[in-house]
Each structure stands twice: as structure tokens, then as C-alpha cells.
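See structure below.
Number of protein chains: 2
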Amino acid sequence: MRLLVIGGDGYLGWPQAMFLSRKGHHVGVVDNFLHRQLDQKGGTDSLIPICSLEERIAAWGEVSGERIEPFSGDINDYAFISDVIKRFKPEAIIHYGEQPSAPFSMIDRDHAVFTQVNNIVGTLNLLFAIKEHQPACHLVKLGTMGEYGTPNIDIEEGFIDISHNGRRDILPYPKQPGSFYHLSKVHDSHNIMFACKVWGLRSTDLNQGVVYGVETEETALDERLATRFDYDGIWGTVLNRFCVQAVIEHPLTVYGQGGQTRGFLDIRDTMRCVELAILNPPAPGEYRVFNQFTEQFTIRQLAELVKETARKKGLFLEIAQEDDPRVEAQAHYYNAKHTRLVDLGLKPHYLSDVLLESILDRLFRYRHRIRKETILPLVDWRKTRNPCGYGPSTGLQGLAIELWGNRLFSEGNGARSWSASAINAVPVSRWNMASDGAVKPR
Amino acid sequence: MRLLVIGGDGYLGWPQAMFLSRKGHHVGVVDNFLHRQLDQKGGTDSLIPICSLEERIAAWGEVSGERIEPFSGDINDYAFISDVIKRFKPEAIIHYGEQPSAPFSMIDRDHAVFTQVNNIVGTLNLLFAIKEHQPACHLVKLGTMGEYGTPNIDIEEGFIDISHNGRRDILPYPKQPGSFYHLSKVHDSHNIMFACKVWGLRSTDLNQGVVYGVETEETALDERLATRFDYDGIWGTVLNRFCVQAVIEHPLTVYGQGGQTRGFLDIRDTMRCVELAILNPPAPGEYRVFNQFTEQFTIRQLAELVKETARKKGLFLEIAQEDDPRVEAQAHYYNAKHTRLVDLGLKPHYLSDVLLESILDRLFRYRHRIRKETILPLVDWRKTRNPCGYGPSTGLQGLAIELWGNRLFSEGNGARSWSASAINAVPVSRWNMASDGAVKPR
Chain A
27 MRLLVIGGDG YLGWPQAMFL SRKGHHVGVV DNFLHRQLDQ KGGTDSLIPI
77 CSLEERIAAW GEVSGERIEP FSGDINDYAF ISDVIKRFKP EAIIHYGEQP
127 SAPFSMIDRD HAVFTQVNNI VGTLNLLFAI KEHQPACHLV KLGTMGEYGT
177 PNIDIEEGFI DISHNGRRDI LPYPKQPGSF YHLSKVHDSH NIMFACKVWG
227 LRSTDLNQGV VYGVETEETA LDERLATRFD YDGIWGTVLN RFCVQAVIEH
277 PLTVYGQGGQ TRGFLDIRDT MRCVELAILN PPAPGEYRVF NQFTEQFTIR
327 QLAELVKETA RKKGLFLEIA QEDDPRVEAQ AHYYNAKHTR LVDLGLKPHY
377 LSDVLLESIL DRLFRYRHRI RKETILPLVD WRKTRNPCGY GPSTGLQGLA
427 IELWGNRLFS EGNGARSWSA SAINAVPVSR WNMASDGAVK PR
Chain B
27 MRLLVIGGDG YLGWPQAMFL SRKGHHVGVV DNFLHRQLDQ KGGTDSLIPI
77 CSLEERIAAW GEVSGERIEP FSGDINDYAF ISDVIKRFKP EAIIHYGEQP
127 SAPFSMIDRD HAVFTQVNNI VGTLNLLFAI KEHQPACHLV KLGTMGEYGT
177 PNIDIEEGFI DISHNGRRDI LPYPKQPGSF YHLSKVHDSH NIMFACKVWG
227 LRSTDLNQGV VYGVETEETA LDERLATRFD YDGIWGTVLN RFCVQAVIEH
277 PLTVYGQGGQ TRGFLDIRDT MRCVELAILN PPAPGEYRVF NQFTEQFTIR
327 QLAELVKETA RKKGLFLEIA QEDDPRVEAQ AHYYNAKHTR LVDLGLKPHY
377 LSDVLLESIL DRLFRYRHRI RKETILPLVD WRKTRNPCGY GPSTGLQGLA
427 IELWGNRLFS EGNGARSWSA SAINAVPVSR WNMASDGAVK PR
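Chains as they are written, first to last, in the numbering used here: chain A, 27 to 468; chain B, 27 to 468.
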């Protein structure tokens, strides 16, 4: 099949592109390199050194004999993405191309607005471009389990059968998202459901849990194929962050009481879940939702597990209870259904101490690259202005406008000017490997 | 109380400002005159001639002795709206300031994107500005009954008590909106609910039905105080449109089978509902929803009622069944609760043939101003590109960027340039009365 991965330079997008390429599909990737740019502004970085997209694609060709086709640009630019879809003619689009961080969206107004506009307009553009050029294309959208919040009843997969005052209907499951980022995903879900209804599009919304892990079968083939690994207070997810803390014997930072329960999955299961969705497409006009995770844990359970596993390797850790920077229930009922992907054939990789040990071993090699100052949470949900390293907020708003409109714009008296074409013109190799020598093109 | 009406130059916003001013409140109005600008671009116009905001405010001062304070600007410009809130210190904000048309949002991609960005960012800006400068301020937000769609169970007021697998919770009522405009309101609702939760803001979301009527006690005091009245395929709502069709003996255009049931209310009840919400504010941190309508009708029932009333006045009408340009159920269960505003003291004005006659009499005076070519629906929900009079879509996207970012921007090689300050500098009187002589400043 012809498959287009949006956000194909990211933590999940890049291994997903290789995974699908290796299965014999013709894969294209679209990316605007937003995360790499924001790392430069904000002082964060992938723990594991990553090659530029150009180098990755070259290495993948060398290792696998398969070609991945790159498209450098922003899906907020309709002319760009509609042209890509017209030319590439994807049978499915896998949409990882959103601003993915909840703390980032809570920094201040500009970051909240950027997150919602970037994510909503990007997805709207995909919907319009699919309808106009490739109406049978299956949109596989990455949503999040965080869309549901923590209701006091079982969480179903997207829809719930409600009996009320003697009547009955199956309705979209109520959403209670916990950040401006999670809200943007809820907005996307509503927009996509509507497009399926009025235009007969087909879409699978994958409400994904928290992903952990550092390696897939494909990234393991060659160091140049490594995917990014984030552990800081902005981009890192909880289990990955705990593992990084472990290798430097930093206290494991549990936010609040640690009774928060969430769904988790291994990065290798993400790869397979997306493939299963693609291989089993919905009917035209169908909008369906799969809850994409394999196990539930409380945050404290994960901290205990990491602590125990690290101890066997001679690393002694404390569990530190930080004030919770988020506004969330500290202990609550949580039972989320997740059978639809298993029904399609998913064989989960469950979290084990063996897997955790292998993650710790892998990360241990890069412990000299850990920026300790970025680990602690910097963003307080209760504040509207958090001092953060992502530049003066006006700068980011400028970026948002530019990305969104793909037009020239100048701020004030032309003291600063930018254009989206200038971004596109930045050679991909600008973000080449860090100079620590761990990875070199052969 | 100090009350700020956003969108205070519009169909409901202007009479609302007068209504509250007359009750002794200190009222400010904010408007960006978007509707007046779009009328100029698109060839639509208010049937009833309306004065400029400057003239309206002057006339109101003359008639009532009360002063309404105007603020000309766009709430998508955070610097502007946060400054207004900082200076005016409102105790409640009544937020009518959104792009209000479903067909407009369905014209094409640019109009969909404009609608969602404009409405979402405007509301986000209000939330941030309230939190930063006036955290006890009560946000009274105009939502729509269209957020719910037409579920097969009773529609509750914002939240529903669900028993599921032996457990129970009260959750946000599931939403199934029917256009990119209605979706923008659903997105707003989720954003506002979240802001109440994390920042302790207080908000009332008024899910309003379809408003009809031309006159309030205040607009009736002086012709210069008239509010706009839209009847065309883009801005007109159904009953107002039928009334205009009646006075020129145009067939009443029912979309599809006419079995669509909706909630309706008299414009005078809108005034009072908002007042009731203001006088009975929610607690800090509370997000509450009132369904704001007084009666349910099918579209065909309304057409029959207008036909019958017109016949008594010697106007003979046909009911014409147009292909439904929207994607919506043609006949369905509909039972929406609407007791909370009645519990607070609302005494509804029900739709009667006497009221309809008075509307027809009022409109009859302006029948020479009816632009027949604008009446029929121009926007097909099933298409992504509808030819419409709102200028080249790039022009509108330009407008969106400019309104959103409030910055200079130039398109292409500077062939066209705009700035938000230029908009603000346009004297309000630019949109003075049409020259038909019906209304002159005294």
C-alpha cells in the first residue's frame, strides 16, 4: 500500500515509517521539524543522538534496500499538504504530526494558542485534502487516552451505549481532557467524526496510552536508525523519564500522591497497532475509535518497578514526591476497555523487569548527555505564565502564525522577519548528529 | 454591575447591551465589526437599516440618559482584549463575539479554518485575560443547542447522569455538532470547562436555540436603536428568513423534508436569559450549562404557521421543498430539557400568530431592501468548495491571519497589505446608515 506518515521524523513516526517500509509498503514521510527547532530554542534534546532525516533515509536504504520518500513541509500550509496528497496518492495517512506535549501547551497563552491552532488546522487541512484528492484514503489519527480524563465509570472505545429515561442511543464517549494539548485532540476527534459523516471519509482514531521504550526491530538494525528519546519536563513521558532518572541515580519524581492510573504500551506495540488499523480499514463514512494501550499502572507502581529493577543493577534510588504541577485526581477509579486491537490480532509486549533492564542498559551508554536541569517539571497548570526556555512567547506566536499561514510576516518595524519558505529551505542536515561521536554516517 | 458585551454591535449583542444598560448596569461593548465587513465583501446586508455603533451609542445616551462604553478591536488580539479587561474591570463578560454562521463555516477550507481559529482563539484569549486580570469575573458564553445534534435520548442541560456496568458518574453530555461552526462551539465548551477546573474561573455556557424576532423594548424606543436583521442563505436563521420570504410572497424554502426539530426562542427572552445568568452567578470553579430556548418546532410546523399568518394579511404563500444542503436527520426524536432558566425566573414569550403578524408588519416596511438573490442556500455541506460572494478565499484567510495575530502582514509581493491597526483606525461611521432615508440621526 501507499502510506504517508505525517510527523515521520518524530519519536513514533520515524520507527513507524521504517516498520511499514519493511513490510513492503511504499512509505512517504512528511515533517516540519518543529520538535528539532523547539529543542534548539528551549535547551532540550533527545537523549539518544539522532541523525537528520536525510541521513536516516539514506541509512534505511542501505540497510533494508527500501526507499522512504521525504516531504519537508508543514501540514498547516494547505497548498503544501494538498499537493503532497495529490502527488503521493496515499491509501492511508498515519497522522503523528501534532504538537505532542501537555506541559508545552500549558506554558502560557501563546503556547496554548499555538498548540490548538497548529493541531486543529493541521488536521482540518488533512481532512479537506483527503476529500478533495484522495477520498477513499483512510486517515489513521493518533489521539490520546487523555481525551477521556478519569471518569468514575468504565471507559469504552470511543462510544458508549446510554439508556436514559426509557430510550437508548450509542453516543460519543464524554470527554474530560486535562490540558490544552489534550483538548486539541478532543477538538480533532470531533472534527474528524464530522468529516466522516458529511463527506463519507473513513478514519480510525487511536486513543493511545503513554508509550515507553527506546527500540523497535528496525531502530535496532543500525545506530543511525535510532529514534529520539525524551526525558525532560516538557517532552518526556513518565516511564521514559523514570528510566533516565534511574541511570543517574536521580530521585524518581512522582507528581503528587502517584495514585494517578493511566494506560501504557510498549513502542513496539504502537507500531503493530497502527499496522492493524491500516490492514483492517473502516468502511467509507465510518469513524471508529480504538483504545491503544496494553496495561494500566499507577504512577507509583511504575516508580516502584523502576526502583526495584535498578537495584538489581546496583543503582539505588529514592522516590521523591513532587507537588503535582497538574490539576488531576490523585486517586481514582480507572478501567478502560482495550479489546478492539487485540481482536484484530495484537499480541502485546507486557512491561517486565527484563524489558526495563534492557532500556536501562541502552540509556546507560548516554548518561553523559543527560541535562539534569531539564528533568524537573517547569510548568504549573495553575499559572498562566510559566518561565520556560522556549524563547519569548512572542517569538513562538510569530512561529505559529508563520507555520499556520505559510506567509511572509514581519513583526514591528521589520526588526525580525521570517517566512515559511525560509524554514523549508533550511537543509534537513542542519540538525545533524551532535558531535559526541556516538553516531557517524558510515 | 460592570458588564462587558463582546460582539456588542451584533444582532443580539447590541440589544443586550441596551437591555443591561437600562437596568442600571455599567455596560461596555467590544466589537471588531466583522459582520459589517463581511456584508460588504459578500453582498449581504441587514434588512433593517442599522446605524453605526457610534451613532447607536449616541442615540442611546440621548434616549436613555445612559452611557455605553465602546471598545473597537478584536478579541483575537490578546494585547487588545487583556488591556480592555484590565481597564474596564468587568464583573461579567457576555460573549457573543464569534463568527455565528454555520453555512459560512461550510463554504470551503478557508472559511472553516477561519471560523474555528477565530472562535477558539477569541475564547481562549478571554479565558487567559480573565484569569490574569479579573479572576472573579463571570464568563457568560453563548453556545448553541446545535452542539448536541439530534441524539435518540433526551437532551439534558450540559451534563448527563450515566449508570454503566454497575457504576455511575455525571459526565459532559455527548456532542454531535453539525457544521464547522457548531464544532467551534463544542471546542469552546471543552476549553471553558477546563479553564474553570484548573483556574477556578466561573462560567455559564448558554446553549441557545434559534432566535427569532426583530424588536426588543429597547430597540423600539428609537429607530436609530434598531438591531440588524438577517434573512439571507448565509446569516439568516430559519424563522426570520421565512418572515422575509412571506412579505415578498416568495415560496417558503424548507430544506429537505422539514421534519428537523429544533429549539426556538424570542429575542426578548434571550435578553432576559442572559440577565438571569448574570444575576445568579455560578460559584468560583463552576462551569454550568443552561439550554436557552422556550419551545420546540419542526421546520415544517414553522412554515405552516408563517403561511397561515401571512394568509390573514392577504399574502399567499407556497411551501417549497429544497434539497437539504445540510447533512442532518430529516425526522428524528427530539426532547431537550430547558428548565434551569425557568427555575431562575424566566417567563417565556411564546411564539404566536400575533407576534408573527407584528414581525411581518415591521418587515413589510423594508421589503424594497430585500435582495432576493441572497435568499436561497448557496452552501452545500457535501462540497469542499462552494462558490460564494465572500471574496477569493485567500483574501479571507488573509483576514483571519490579520485578525488573529493583529500584526502587519503582506501577501505575495506586497500587492495587498493590511494591518489590524488599520482596521481599528477605520472610523466606526464608515458603516453609516444606508441612504434610503429611513433612519436619520435626529
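Even for Gly, the Cβ is constructed at its ideal location relative to N, Cα and C.
What in chain B is Cβ-close to residue i, meaning under 8 angstroms?
i      : result
A/A138 : L150 and F154
A/W407 : V224
A/P177 : D195 and L197
Taking buried to mean at least 16 other C-beta atoms within 10 Å of its own C-beta, is residue i buried or exposed?
i      : result
A/F114 : buried
A/K363 : exposed
B/F435 : At B/F435, the pLDDT of 26 sits below 50, so the modelled position is not reliable and the matter cannot be decided from this model.
B/T279 : buried
A/T365 : exposed
B/N191 : exposed
A/R397 : exposed
B/D35  : buried
A/L79  : buried
A/V380 : exposed
B/L402 : exposed
A/Q66  : exposed
What does residue i reach in chain B if we use C-beta pairs closer than 7 angstroms?
i      : result
A/Y104 : R135
A/V212 : H216
A/F323 : Under the 7 angstroms cutoff, chain B gives no residues; its nearest Cβ is about 21 angstroms from A/F323.
For residue i, which residues from the same chain have a beta carbon less than 6 angstroms from its beta carbon, with the 5 sequence-adjacent residues on both sides left out?
i      : result
B/A336 : A272 and L343
A/T287 : Q322, T324 and Y360
B/L265 : Y238 and L328
B/I181 : Y174 and A362
A/D350 : Y281 and G282
A/L370 : L302 and N306
A/Y257 : L73, N266, R267 and V270
From the DSSP output, read off the bridge partner residues of residue i.
i      : result
A/S108 : A/S108 is not bridged to any residue.
A/A24  : Missing from the structure shown is residue 24 of chain A; chain A here goes from 27 to 468 and no further.
A/R28  : A/H52
A/V315 : A/D231
A/T324 : A/T287
A/I119 : A/L30 and A/L165
A/D134 : A/R411
B/A329 : B/A329 is not bridged to any residue.
A/P96  : A/V55
A/Q347 : A/V280
B/V236 : B/F290
Identify the contact partners of residue i in chain A, using a Cβ-Cβ distance below 8 angstroms as the criterion.
i      : result
B/V110 : Within chain A, no residue comes near B/V110; the closest Cβ sits about 15 angstroms away, beyond 8 angstroms.
B/D349 : Correct list: empty, because the minimum Cβ distance to chain A is about 15 angstroms.
B/P403 : None at all; the shortest Cβ gap to chain A is about 15 angstroms.
Please list, in chain order, all residues of the same chain as residue i whose beta carbon is under 7 angstroms from its beta carbon, the five residues on each side excluded.
i      : result
B/I101 : I32, V56, I107, G123, G148, N151 and L152
B/G431 : Bear in mind that a pLDDT of 38 at B/G431, under 50, signals an unreliable position, so the number given afterwards is only what the model happens to contain. Around B/G431: no qualifying Cβ.
B/P374 : D295 and T320
A/Y392 : L73 and I74
B/M44  : W86, E244 and L251
What in chain A is Cβ-close to residue i, meaning under 9 angstroms?
i      : result
B/D100 : Chain A residues near B/D100: none, gap ~14 angstroms exceeds 9 angstroms.
B/I396 : Result: empty, since nearest Cβ-Cβ is about 31 angstroms, beyond 9 angstroms.
B/R366 : Within chain A, no residue comes near B/R366; the closest Cβ sits about 17 angstroms away, beyond 9 angstroms.
B/P129 : Under the 9 angstroms cutoff, chain A gives no residues; its nearest Cβ is about 13 angstroms from B/P129.
Counting only Cβ pairs nearer than 7 angstroms, list the residues of chain A close to residue i.
i      : result
B/K223 : V353
B/K157 : T410
Taking 8 angstroms as the limit between beta carbons, can you name the residues of its chain near residue i, skipping five residues before and five after?
i      : result
B/F154 : Y104 and S108
B/V405 : P129, F130, M132, I133, G259, I260, P351, N412 and C414
B/E383 : T335, K338 and K339
For a contact meaning CB atoms closer than 9 angstroms, what does residue i contact in chain B?
i      : result
A/Q202 : L197, P198, H216, M219, F220 and K223
A/V31  : Here the premise fails: no neighbours, minimum Cβ distance about 23 angstroms.
What are the uninterrupted segments assigned as beta strand (DSSP E) that are 3 or more residues long and contained completely in the segment 163 to 225 of chain A, given in chain order? Qualifying beta strand (DSSP E) stretches, in chain order: 164 to 170, 185 to 190 and 193 to 198.
Unbroken alpha helix (DSSP H) runs of length 4 or more, entirely within the segment 44 to 91 of chain A: which are they? 60 to 68 and 79 to 90
Going along the chain, which unbroken runs of the alpha helix (DSSP H) with 4 or more residues stay wholly within the segment 364 to 414 of chain B? 366 to 369 and 379 to 390
Jot down the residue ranges of each uninterrupted beta strand (DSSP E) in the segment 240 to 295 of chain B, minimum 3 residues, whole runs only, in chain order. 278 to 281 and 287 to 292
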